[in-house]
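My numbering puts the sequence shown at residues 53 to 646.
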Amino acid sequence: MLEAIARAAHRHDRPDLRARVEVAQARLADPACRVVVCGEFKKGKSSLVNALLGARVCATDADVATAIPTYVRHGERLEAHVLDEETPGSSRGAAVAAAELDTVATGHAGPSARALEIRLPRELLADGLVLVDTPGISGGLASTHAGIALRALAVADVLVFVTDAGAELGAAEIEFLTQAAALCPVVLGAVTRVDLYPQWRRIVAADADHLRAAGLSIDLFPLSAPLRHHGLREADRDLLLESGYPQLTARLAAEHSRVAGSGGASAAAVGASVVGQLVAELTAQRRALDADPAAQEQRQAWARAREQASDLRTAGSRWQQVLFDRMADLGAEVELDLTVRIRALRREASERIAQMPPARLAADLGPWLQQRTTELLLDHQSVARSHADQVADAVAEQFGSAATELRRGLDLGGDEPGAVRDIAFAPTGSASASRLDMGLVALRGGSAGAMITHAAGLVLGLAFPVVLPAALVLSTVLAGKSWQSAQKAQLRALRADTDRAVAGYLEEVDTAARKDTRDAVRRLQRRLRETFSARASELFTTATRSAESLSTSLTGDDETRATRRAELDAELDALRGLQREVGVLLADLLPVPA
């Protein structure tokens with residue numbers, strides 16, 4: 053259908069409309085569906101990806117762990133590339149040999165490496181499915197790697213959360229799933245290693261109960277990678293079914309179809325818009341050929357439309373002013389939001405440091421701070437998305453009747469996670485003094501007491517047996533005071549150093565997050581400007597050609613007008629047929645309002 057619309061735009065000399073259809077065709081031909089696989093360390097994430105593909109592409113050795121995201125896509129042959137901070141967007145970076153895949157995926161490709169991309173020929177991936185193996189998130193949102201997984205979820209279509217049948221889901225995992233469910237439209241659960249644990253059915257049932265209690269609707273899939281590989285080698289259908297992987301593969305295929313359907317709705321919306329403009333242009337020509345007494349009014353109407361469209365193209369047009377003003381507001385609002393959140397977390401951390409027992413500072417503060425930082429960035433990202441939607445709506449409203457179609461076809465997402473590094477909190481508290489050091493401090497205090505009493509005895513002429521008890525008492529008191537003062541000074545130094553470490557950590561987080569936010573705002577402004585500028589040019593071209601066609605048609609002879617009338621009738625019948633078809637398709641693809 054899109055091909056027919058593109059040909060119609062070409063026949064009527066509308067390269068702008070044809071280019072728009074071709075972009076929609078290209079997007080529809082590559083309906084990428086990103087499936088992010090994440091979970092705790094050593095729960096079988098990489099083994100799950102390997103079993104789905106029937107090939108070993110992700111590191112699974114007991115002594116190594118995934119350190120950077122691994123994107124597995126379809127390709128004509130096995131090849132891999134490192135994506136680093138200098139690699140723009142999703143373009144490929146340095147090539148990686150197959151023998152070095154484990155080395156790169158486990159974090160030995162240098163500090164600038166942000167992801168590994170692997171391509172291989174697999175039927176599962178042929179239609180655009182992309183598997184993303186992420187680092188383990190031991191400790192849930194408190195994990196250093198939680199940010200990597202959650203940023204991957206920002207552009208994910210499906211999340212597969214991996215746990216194993218050795219234990220029930222814990223509080224940290226439930227908390228992570230609650231946050232993930234707010235980011236990703238579809239969340240699935242994979243319970244691996246059911247071949248190792250006879251009680252796996254009880255574990256799966258308990259996990260389902262925990263998820264329901266948390267208000268989460270997540271389907272669980274019991275899986276066994278060894279059964280999958282053995283079934284593939286022996287071509288044993290029963291073993292394959294028992295492994296659970298055919299059921300998971302079928303569900304992923306269904307979700308891929310859902311994603312492709314949403315892309316189809318966007319493409320159908322573009323088709324409807326293009327056909328509508330062609331029909332409007334040809335209808336104006338057809339009416340002029342009938343020598344309609346209202347032709348002069350039609351010509352004036354199209355002249356007004358051309359003037360309005362011309363205004364949309366000027367640098368000082370209303371929509372450009374709205375875009376400039378609202379983007380400036382957006383930048384200020386999201387920067388203020390980030391500043392307020394960072395400062396609030398800074399105060400919260402200082403209060404926690406002041407109240408936390410010194411023995412627990414090193415053990416408890418780091419995980420708590422990582423978790424709160426992850427939550428802060430997630431909330432900030434949600435605020436930024438909400439403001440971006442408001443800006444797009446405000447600008448689209450300046451296009452009048454075309455606003456709904458414009459907004460429907462505008463995609464504000466699709467950017468893969470940027471090159472933000474995971475920033476780990478490393479407390480630099482002062483080292484605790486040893487018992488020997490503290491003893492020396494107490495000894496100095498006690499010796500001061502002995503010297504005072506000895507001096508007093510010499511002045512007063514007291515005998516040593518009389519001075520000794522007083523010296524012992526005073527030395528003990530001063531030694532205790534020195535001990536306590538040293539402990540308090542050490543605690544103050546520890547808390548001050550920890551507070552400075554928190555401030556440095558949050559400053560680094562603030563710098564990285566602020567850069568990402570500014571980059572996202574610039575990308576959004578560029579995308580909106582390009583989209584709306586292209587639409588303004590289309591409207592101007594349609595109005596101009598329609599007005600010119602009216603003038604030309606009114607001046608032709610009867611025979612020429614009759615021939616042209618027949619041509620237009622045939623073309624309009626074909627276009628209106630396309631218009632009806634694309635309208636029905638669009639109605640089927642768009643979600644039904646609740």
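Ideal placement from N, C-alpha and C gives every residue a C-beta, glycine not left out.
Classification of residue i by the beta-carbon crowding that lies within 10 angstroms, buried from 16 upward
i    : result
H281 : buried
T615 : exposed
R70  : buried
V392 : exposed
K567 : exposed
K373 : Before going on, a small fix: residue 373 reads as Gln here, not Lys. Exposed, since its Cβ has fewer than 16 Cβ neighbours within 10 Å.
Q407 : exposed
A234 : exposed
V311 : buried
G323 : buried
A321 : buried
A111 : buried
P19  : Any question about residue 19 goes unanswered here, given that the chain covers just 53 to 646.
F376 : exposed
L43  : In the structure displayed, the chain extends from 53 to 646; residue 43 sits before or after that span and is not available.
Q577 : buried
Three-way DSSP call (helix, strand, coil) for residue i in this model
i    : result
D571 : helix
H133 : strand
F376 : helix
R63  : helix
Y557 : helix
E55  : helix
A471 : Its pLDDT being 39, under 50, A471 is placed unreliably in this model, and the coordinates cannot settle the point.
V87  : strand
R628 : helix
A401 : helix
V210 : strand
A324 : helix
R412 : helix
L181 : strand
R166 : strand
T615 : helix
V238 : coil
I394 : helix
P250 : coil
L104 : helix
E307 : helix
T335 : helix
V109 : coil
E220 : coil
L429 : helix
I120 : coil
Among the options, nearest to residue i - alpha-carbon criterion
i    : options                : result
R303 : V239, E400, A208       : V239
A565 : E590, L627, L429       : L429
V326 : R544, A61, K567        : A61
S438 : G383, E403, R404       : G383
L275 : L293, L263, A266, D288 : L293
A586 : V73, W252, V134, E559  : V73
E92  : D185, R174, L104       : D185
L591 : I57, V331, T426        : V331
A336 : A626, A553, E633, R617 : R617
V210 : V87, L235, R578        : V87
L183 : H133, Y123, C236       : Y123
A287 : H64, G106, Q373        : G106
L715 : Q433, T593, D625       : Residue 715 is absent from the model: the chain starts at 53 and stops at 646.
Q329 : M53, T593, L54, A622   : T593
C236 : C85, R424, G296        : C85
A266 : E131, L272, T230       : T230
A446 : F584, G218, T563       : F584
D416 : P298, T550, A319       : T550
L546 : Y297, R412, G127       : R412
R63  : L624, E633, G635, R632 : L624
A386 : I120, D562, L168       : Looking at the sequence shown, residue 386 is not Ala but Val. It is D562.
For residue i, the residue or residues it bridges with in DSSP
i    : result
E92  : Paired residue(s): none; E92 is not in a bridge.
H126 : L172
P187 : None; P187 has no bridge partner.
P274 : V243
T27  : The requested residue 27 is not part of the displayed model; the chain covers only 53 to 646.
A11  : There is simply no residue 11 to check, as the chain begins at 53 and stops at 646 in what is shown.
Residue i: CB within 7 angstroms of a non-hydrogen atom of the ligand MG
i    : result
L428 : Of the ligands one can find in the structure shown there are none, so the ligand MG has no counterpart to examine.
Contact belief for residue i with residue j at Cβ below 8 angstroms, rounded distance in angstroms
i    : j    : result
T244 : L104 : Contact flag wrong, Cβ pair sits at about 12 angstroms.
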